[in-house]
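Visitor:
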Amino acid sequence: MAWGNYTRDMAIRYGMDRDKIKVLGPINRIGEKQKHLKNPDEKVFGVLTRGTDEKQYINENIEMIRMANVFAKKYGYKYILRLHPSDVHFRDYAKYIDKSSYIAGNRKDSLVDFLEKVQFSICANTSAYAESLYYRKMCYRYIPKSEEKIDVCKGINFGKVRNLEQLERKFDRDKNKKNIEKIMEGVSDYLFEKHAEENYRNFFMGSV
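In this note's numbering, the protein residues as written are 926 to 1133.
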């Protein structure tokens, strides 16, 4: 059972038989009405870390924070840092945060609560990228070269950046695209089949 055509295509790439794969949608979204979250008026973006105790990934989170500091200054934004639920390294990050560009977030906020407070996000190599697009919120996925082979959305280049220069270039391009919402919707629909509840009902009743 695949959450979307992307999951199906990746399974086929790794040797699964197409006929044995059912694209049903994300089972954890059953009963939830998909929200298209609006952007706040305030110029605020989010930074979503990766949860880890490995030094390499802690350093990648720090690099994202450094990028956020420079980006915020250049474009007149502030940012909210959201730690992955398993990330306990805020003290390691605190000394790198530019307090003049930083807004303290609420750790108790759900992802949806968080996304409602930001215009877009920068995330590490986590599922937060796909979840943000599910709610039609722009998300730039920071994938340094060392992460290329384990990219959670390998093959999807929309919003993918390796450094600050690429982030700025893609942001400048995307903010002027009249069809950016349509593009984002297309990527989201590729990642997630829309009609999960109906599909699972039909599947278990034997009609899929």
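Think of the CB as a built atom: it goes at the ideal place given N, C-alpha and C, for glycine as much as any other residue.
Predicted model, so just to flag it, every value in this text is computed and none were measured.
#1: Give me the Cα-Cα distance between residue 1096 and residue 1018, rounded to the nearest whole angstrom.
#2: Cβ of residue 1018 within 7 Å of any heavy atom in the ligand MN?
#3: Considering only residues of the same chain and omitting the five flanking positions on each side of residue 976, which have a CB-CB separation below 8 Å?
#4: So within the segment 1031-1100, which uninterrupted beta strand (DSSP E) runs reach at least 3 residues, ignoring any that extend past its ends?
#5: Provide the residue span of the beta strand (DSSP E) that contains residue 1004, from first to last.
#6: Checking the sheet assignment: what are the DSSP bridge partners for residue 1027?
#7: Does DSSP put residue 970 in a helix, a strand or coil?
#8: Would you please state the rounded distance, in angstroms, between the beta carbons of residue 1117 and residue 951? I believe it to be under 8 Å.
#9: Using a threshold of 8 Å, state whether the C-beta atoms of residue 1077 and residue 971 are closer than that.
#10: On the DSSP bridge list, what partners appear for residue 948?
#11: Is the beta carbon of residue 949 sitting closer than 8 Å to the one on residue 1055?
#12: Do three or more CB pairs link the segment 1030-1047 to the segment 952-968 at distances below 8 Å?
#13: Using a Cβ-Cβ cut-off of 7 Å (strictly less than) and excluding sequence neighbours within five positions of residue 954, which residues of its own chain qualify?
#14: Give me, in chain order, the residues of the same chain whose beta-carbon lies closer than 8 Å to that of residue 983; leave out the 5 immediate sequence neighbours on both sides.
#15: Buried or exposed, going by whether 16 or more other CB atoms sit within 10 Å of the CB of residue 1074?
Guide: In terms of the structure at hand:
#1: 24 Å
#2: Absent from the structure shown: the ligand MN. Ligands present: none.
#3: 1008, 1009, 1010, 1011, 1012, 1051
#4: 1045-1048, 1063-1067
#5: First-last of the beta strand (DSSP E) with residue 1004: 1003-1007.
#6: 1004
#7: strand
#8: About 6 Å separates the two Cβ atoms, so the contact holds.
#9: no
#10: 927
#11: In this structure, residue 1055 does not lie closer than 8 Å to residue 949 by Cβ.
#12: yes
#13: 1121
#14: 977, 1014, 1017
#15: exposed
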